[in-house]
Structures are given as structure tokens and as C-alpha cells.
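Just so you know, we're using our numbering here: the sequence shown kicks off at 6 and counts up by one.
No residue lacks a Cβ here, since even glycine has one placed at the ideal position from N, Cα and C.
Before any comments, here is the structure.
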Amino acid sequence: MPILVSGGAGYIGSHAACALLEAGERPVALDNLSTGHRAAAPKDAKLYVGDLRDRGFLRRVFAENDIEAVFHFAARSLVGESMQKPLLYFDNNVAGMLALLEQMAESSVDKIIFSSTCAVYGDSGKEALDETCPVAPQSAYGESKAIMENMMKWVAMAGKISYVSLRYFNAAGASRSLPIGEDHRPETHLVPLALKSALGQLPQINIFGADYDTPDGTAIRDYIHVEDIAAAHLKALNYLRAGGKSAIFNLGRGTGYSVRQIIDICRAVTGLDIKTACAARRPGDPPRLVAGGAKAEKELGWRPKRAIEDIIATAWEWHKKRPGGYG
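Put into C-alpha cells, the structure is as follows:
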């Protein structure tokens, strides 16, 4: 039966849709192309272009496909933008989830795997975050994802759905076998910005905050390959198919790298110079976000396979081949 992939033309959604195809599943991609790219959606999957909040459009997608489950990626996801335009995030992300859950109920679709984020945790002060850590977002983006998780929780308690929420840390990298990678407009993520600088597309990159309480003063993050994230979604789908209870799982490697460390690894991988400049901290950015615990390995049978050097090497291959992205 088909699996609906909302945000299926986006960075992570397109990799997940391709992973479904490789596993013999039938993805149906849905995307409004506001941040996704038509060329990223798998050619062997249906692509519906429209907005989740358009109830007539969404009803047609479900009516034309005997949907078994949903991979829900569609959302705005920029922390800085969310602090400037919080209502945009609640309208797009929360209202989109509401429309999707209502349509799932109407169409008797009872399984959803949700693309959540470590941003729901905020600044706990802990070296590593496991699933028991308090939810205390520091950005409107993180708050919108926390609300979406709670919406699923209450619908599940009403007996309407089973869900898996995957709180992943910093997605990076690209597929080696497929022509898809990371292309945001505007780009705000560290790895692609560093690689664009290495290609000469940017004169320098800004380090937002060099005065954090960390060893080198810059923020620390846990990086995970986008294909490892896609693999976790397939594991979660089979977990729900087997009758697994609704649950939340962190997806991370459990190792943190500072902004300066990532830039140094990008220099080593590319063999090129990357100029930097220090800038003020961005509102909503905690100093440290690193995954802890092994719940996903214990219950889903999932663990990340790709080391940080491989993550950056695959991203570099993508940017060298497609210096203009999908444009």
C-alpha cells in the first residue's frame, strides 16, 4: 500500500521517499514546493503539488491513493526565521498537522511517522539529551514541533492513530547513488554554507556566537547523515506495522562537534580554505544539542552508520556536482 510522504520534495523527505522505493514500498510525495524542489522528488513516485492546509486538495490525495501510513516532513524549519515570524510557523506547521490528522481520521489511516527535532529540548544544560529530558523549546520552530507531538499524543490516546516521533539532531550529507542533496533557499545550515565558501560562492561564513560556555566558545551539535535518518523512518514504519506502541525516539550519533570543529573538517575534506567571521548569537540557538541514550537501537533496531567525515564528504560531492543546487 502507498506511503504518503509530506514534504517529499524537501531535503530529508526526498531521501526518505527514495529509501521507500529502494525497500520496495510505494511512496506518494506531497509538497507545496515553497522550500522543496520538484527535481528532488523521486521520478518513480507520484508527486502532488499543493498545501496540506488545503482540505480539498488533501482529500483528493487520500481519495486517489489507498494510503497505509504517513511520513510527515512538511514544515517550515528555520530557527532564526521562526523567531522573527512565529505566527508563520504556527500557521504552517501546526495548522498543517491539524489538517493532516483530520484527513487521516476521515480516511481511516492510523499510522504516522513524524519528523520532529532536538529543538524541542531547548537548553537543558545536560551533556547529552535522552527522550526523558524536559521539553522546553527556545524557538517558535521548536515550540511548533512540540505542539505537533502533543497533537499526535492526544489523538493516539483517543485510539485514532499510532505514531512514532523521531527527534533528530543536525541532518547533513547527501546520497552518493542518487542526484539529491541539500539545497535550501536561503541556506542557513553550517555544512552547506562551509562548502559553498570552499567553492568560492561565499567570501566567508559567519560563526553565530563565539562566547558560549563550550571548549572553543562555539555551539556544539550532533550531526547525522540524511540517509541514516531515512533508514530510521523505514524502521519506524515496520515497528508500527508490527504493533509497536506510539513512541518518541532521538536520532543522533551521540557525539558533539563545535562549529569550529565542523569548519575544520570541511577544510580537511575539501583541501580548501574556508574564511570565517564571528557574529552575534542567533536567538533560539542553545549552546549544546547532543543525543543521548540508545532507545532507537533497542526498540527500532536502528543505529547511525556514517561518521562525520563521510557525512561531510558526501555533502561535498553533491555541492561539487551541483554548485547551483537544483537551480
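Check: Which residues DSSP lists as bridging Thr122, in chain order; Outcome: Tyr173
Check: Proximity below 8 Å, CB of Val84 to CB of Tyr146; Outcome: yes
Check: Which of helix, strand or coil DSSP assigns to Pro32; Outcome: strand
Check: Closest residue to Lys325 among Ser202, Tyr173, Ser11 and Tyr94 (Cα-Cα distance); Outcome: Ser202
Check: CB of Ala176 within 8 Å of CB of Ile225, strictly; Outcome: no
Check: Buried or exposed by the 16-neighbour rule on C-beta atoms within 10 Å, applied to Arg65; Outcome: exposed
Check: Contiguous alpha helix (DSSP H) assignments of at least 4 residues, all confined to the region 243 to 317; Outcome: 264 to 275 and 300 to 305
Check: Stretch pair the region 89 to 106 + the region 135 to 151: three plus CB contacts closer than 8 Å; Outcome: yes
Check: Three-way DSSP call (helix, strand, coil) for Pro7 in this model; Outcome: strand
Check: Endpoints, beta strand (DSSP E) assigned at His230; Outcome: Tyr228 to His230
Check: Identity of the residue in Tyr262, Pro208 and Arg293 nearest Ala312 by Cα; Outcome: Tyr262
Check: CB of Ala133 within 8 Å of CB of Gly259, strictly; Outcome: yes
Check: Leu200 - DSSP class collapsed to helix/strand/coil; Outcome: helix
Check: Distance between Gln206 and Gly248 (C-alpha atoms, nearest Å); Outcome: 49 Å
Check: Where Val99 falls: helix, strand or coil (DSSP); Outcome: helix
Check: Distance CB(Ile117)-CB(Ala50) smaller than 8 Å; Outcome: no
Check: Coarse secondary structure for Lys116, derived from DSSP in three states; Outcome: strand
Check: Contact the region 32 to 50 vs the region 6 to 18: 3+ CB pairs below 8 Å; Outcome: yes
Check: Through-space distance from Ala45 to Ala124, alpha-carbon basis; Outcome: 26 Å
Check: Straight-line Cα distance separating Asp56 from Arg287; Outcome: 30 Å
Check: Whole-angstrom distance between Ala104 and Ala141, CA atom to CA atom; Outcome: 25 Å
Check: Contact set for Glu111: own chain, Cβ-Cβ below 8 Å, skip 5 residues either direction; Outcome: Arg64 and Phe67
Check: Cα-Cα separation, Ala161 to Ile72; Outcome: 18 Å
Check: First and last residue of the uninterrupted alpha helix (DSSP H) at Tyr217; Outcome: No alpha helix (DSSP H) holds Tyr217; DSSP gives it neither H nor E.
Check: Those runs of the alpha helix (DSSP H) which lie wholly inside the region 40 to 110 and span at least 4 residues; Outcome: 60 to 69, 84 to 89 and 91 to 94
Check: Pick from Asp128, Glu187 and Phe119 that is closest to Lys158, judged by C-alpha positions; Outcome: Phe119
Check: Local conformation of Ser149 per DSSP, three classes; Outcome: helix
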